Amino acid sequence: RVVRGAISAAKNRGEDVALFTSSVEQTDEKRAAYAKVFQLYEERLNRANALDFDDLLIKTVKLLRSSPETREKYNSRYKYILVDEYQDTNSLQLALVTFLTEKQQNICVVGDDAQSIYGFRQADIRNILEFEKHFPDAKVILLEQNYRSTQTILDAAHAIIENNVNQKKKKLWTNNDGGERLMYFQATDSDAEGRFVALRIEDHRRRDASKRIAVLYRTNAQSRVFEESLRRLRIDYNIVGGFSFYERAEVKDIVAYLKLALNPADDIALLRVINTPTRGIGKSSLDELILTAQKINGSIWDSITSLTDSQSAYQPSLSPRGRTAVLGFKNTIDKLRAKTEAAADSDKPVSDVVIAAIDDSGYSLMLRTENTDEAEARLENLEELVNAAVDYDRSPEGGLRDFIDHAALTADTDKYDSNAGVTLMTAHSAKGLEFPIVFIVGLEDGIFPHSRSINDAKELEEERRLAYVAITRAEELLYVTHSMRRRVYGEEMAAEPSQFLNELPLESIDDLSRGPSWLSFARGSTKQESKYAVAALRGHTPPPEKPRNLYTGKTYNSSDAIAEFSKKKEGSTGAGGDRIQANKPVLQQETSVDKPLKGFDKLRALASEPVRESRVELDDDGAIIAGSHVRHSKYGKGLVLRREGTGDNVKLTVSFPGFGMKKLIEKFANLQKA
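As structure tokens, this is what we get:
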């Protein structure tokens, strides 16, 4: 599948075998192997006189490019060319429509650059952004009236997308009612987030069971906590665009390892994983193992163990290579069984055994080696399986057997129900759909926007477009939620509110959180309050006269709000439970401004540095100084914490939510006032 994807991507870039092979560096063994497969694949297609789907485009474009007669023929045949979803076209499709309209120039495309979310499938947003450049005589008609959502929801979507640099400016409006305000909830952890969403859904369904509800998340791995919370309340739901959590192949594989460790006579589990990951155990070796098992009237595992039993009357006849591979598999299972014995009931944490199955089997190494988006998504699912095991360790049942039974029973009940009023899906899968009520969950930096986009301005803009798509799925009511802590591979980690939350119109949001939240402080802070919040965090006494609150509803990246929130959230204790003493730094350690810090540690690290009083008003000449809010093409909006140096040597220390503190040379940073 990975190789097929690499070949398809190459073809969509217009690369044939020769061009793909010539671009492979000698040290890149993986791509060299892909090139060999590409060559064999093309030879087989040619022998079969066949084309694959990508070839239909490539061959057509090549024919039109090389044959003026063919171009003339089809230009005369097709007087008008219509293209839908133009924002999702790639470079080959652009070439195709260009050739087909060479003579007539009669082309009509429909698309929305704000919904271009398939860059990973080779879609090129430049096709729609540069449409007028490709077709200079075309007339552009902005379709800004929306018939689906309330104005409140549209305003929220606009507030997000307007932060993108590369876009066609427009603003949606509607004749629908203004609608309900956005609903915000800050959960203590992901489990609390799941419970909140399930309880709100239960309440909505009780009042009006006919209203369809969607829960949208960034990655499939996030679905588990919501599935289990809904299941506990006996609320039917559907999974769209993927399998339910325990039905996903990688999850079933690891559960099979666990079953096999508990019961090696489970032939079904053994056959599922004996060559997953690939170990060199081919069909002939497997057939021989099965034949020997039949002869001794035992299990396939009995057949395998006979290889090391000199007294056995029957031993499978394997090649030296096959024997080595099978014994390697036996050794893996034996090690896992040793770790499993204590966890069979409830003595050993289930999560330890799950981690061992993922790592010792070579499964995690296999996925990391693939280094693809799909492999990363599968790794995320395995991380979530570990989190499920941690949850089970805390439950009164406990024990590996019960955990396996839970996984099996859950998978059996997760069948599609066409009558279910609740749908769970990724934001990508939701494109083109609409629901009266929508929950967008997991709005944390590193999740949404995804961690892959953090250091890539182009990908970050696509993440923002994906958020726009998610928001505009809602017709009447929109919830946005996030957690303050989230487990990663079973370990609790601080989570930072998504920078996209900072971009929402805060005056249009109702806070449903229990107690002080990020929103309550972000909404109550202003640009001019940063030094007061930071000083308070450091344990220093702020100046006696605090500037009046000038908040007018405009959004901004509020590091000061986060600092103040951190201080009040922890009350009289620090993050680790230690008492915070007045007039003392919160954190006694050095920090690098170039290394992003997790959660509120960014501001605690800043708190350890000596206070340097700075003016927070803008200079008369409009210079960027401490307290200025700026925009960077890669990191988005940020707060300037310090200005040092003069002339061409001015350096700025800027806090960018989701990226940490960055030290930039003003001359080259190309910052703009936000």
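Residues in the sequence shown are numbered from 2 upward in steps of one, following my numbering. Where is the CB? At the ideal position from N, CA and C, for every residue including glycine. For clarity, every value in this text was computed on a predicted model and none was experimentally measured.
Residue interval of the alpha helix (DSSP H) (run including residue i)
i    : result
R324 : P321 to T341
K284 : K284 to K296
I305 : I301 to T306
A670 : E667 to A670
L479 : Taken as a continuous stretch (DSSP letters only), L479 belongs to no alpha helix (DSSP H), being part of the beta strand (DSSP E) at A475 to V489.
A471 : A458 to I472
L495 : The question names Leu, but residue 495 is Ala in the sequence shown. Here A495 belongs to no alpha helix (DSSP H); instead the beta strand (DSSP E) covers E492 to A495.
L640 : Per DSSP, L640 belongs to no alpha helix (DSSP H); it is in the beta strand (DSSP E), G637 to E645.
S352 : V351 to D361
V651 : Element bounds for V651: n/a, residue is neither H nor E.
R524 : W519 to R524
T309 : No alpha helix (DSSP H) contains T309, which DSSP labels as neither H nor E.
Q40  : E30 to R48
R72  : P69 to R78
Check whether residue i and residue j have beta carbons under 8 Å apart
i    : j    : result
L93  : I59  : yes
T90  : A124 : yes
R213 : P437 : yes
L126 : N167 : Residue identity check: residue 126 is Ile in the sequence provided, not Leu. Cβ atoms of I126 and N167: closer than 8 Å.
V631 : V655 : yes
N281 : A326 : Looking at the sequence shown, residue 281 is not Asn but Gly. The answer is yes: Cβ separation under 8 Å.
I118 : K432 : yes
S499 : L425 : no
L502 : D512 : no
H451 : Q187 : no
N164 : G639 : no
G179 : Q146 : no
S174 : L155 : Note on residue identity: the sequence assigns Trp, not Ser, to residue 174. The answer is yes: Cβ separation under 8 Å.
Y185 : V481 : yes
V351 : A390 : yes
E476 : R182 : no
Contacts around residue i, its chain only, beta-carbon distance under 6 Å, and the 5 residues preceding and following it disregarded
i    : result
K677 : Missing from the structure shown is residue 677; the chain here goes from 2 to 675 and no further.
D17  : none
E571 : Note that E571 has pLDDT 41, beneath the 50 cutoff, so the model's placement of it is unreliable and no number is given.
Q40  : V18
T293 : S304, Y315 and P317
S9   : D55
S286 : L319 and G323
R196 : S230
heavy atom of the ligand COA below 7 Å from residue i C-beta
i    : result
G363 : Inclusion of the ligand COA in the displayed structure is not the case, the ligand content being empty and no account of it being possible.
Bounding residues of the beta strand (DSSP E) (the contiguous stretch that carries residue i)
i    : result
E375 : Not the beta strand (DSSP E): E375 falls in the alpha helix (DSSP H), residues D374 to R395.
D511 : I510 to D512
F440 : F436 to I441
I8   : No beta strand (DSSP E) contains I8, which is instead part of the alpha helix (DSSP H) from V3 to N13.
L83  : I82 to V84
I455 : I455 -> no beta strand (DSSP E), and no H or E assigned at all.
L507 : No beta strand (DSSP E) contains L507, which DSSP labels as neither H nor E.
R632 : H630 to H633
T424 : V423 to T427
V110 : I108 to V110
Proximity winner among the options, relative to residue i (alpha-carbon distances)
i    : options                   : result
E435 : V423, P321 and Q187       : V423
D138 : I108, A158, N147 and T427 : I108
R488 : R72, N388, D446 and H407  : N388
F244 : R379, L337 and K296       : R379
R2   : A358, G120 and D374       : D374
K12  : E30, D29 and K63          : K63
A210 : Y238, A160 and T333       : Y238
D53  : A96, S24 and R5           : R5
L261 : R643, E477, R338 and S352 : R338
I161 : L505, R225 and E371       : L505
N221 : I240, L272 and F330       : I240
A468 : L478, N50, F449 and I455  : F449
A342 : I154, N264, N456 and F100 : Strictly speaking, residue 342 in this sequence is Glu, with Ala absent from that position. Checked all of I154, N264, N456 and F100; the closest Cα to E342 is N264.
D335 : W302, E477, S396 and G323 : W302
E497 : D190, K171, P321 and D29  : D190
T473 : F132, A215, N76 and E131  : A215
D649 : V641, N671, G628 and S629 : N671
Spatial neighbours of residue i in its chain, beta-carbon cut-off 7 Å, leaving aside the 5 residues before and after
i    : result
L234 : A199 and E203
E44  : none
V594 : With a pLDDT of 36 at V594, under the threshold of 50, the modelled position of this residue cannot be trusted; read the value that follows with caution. Closer than 7 Å at Cβ, skipping near neighbours: T654, M662, K663 and K664.
G363 : P278
Y258 : V274, L337, A358 and S362
is_contact[residue i, chain B] using C-beta, thresh 8 Å
i    : result
F136 : Going by chain labels, chain B is absent from the structure shown, which holds only one protein chain.
Contact set for residue i: own chain, Cβ-Cβ below 8 Å, skip 5 residues either direction
i    : result
V252 : F246, N382, L383, L386 and A408
Alpha helix (DSSP H) runs wholly inside the stretch 115–184, at least 4 long, in chain order: 127–130, 132–135 and 152–162
Any alpha helix (DSSP H) of 4 or more consecutive residues that is wholly inside the stretch 205–278: 224–233, 250–263 and 268–274
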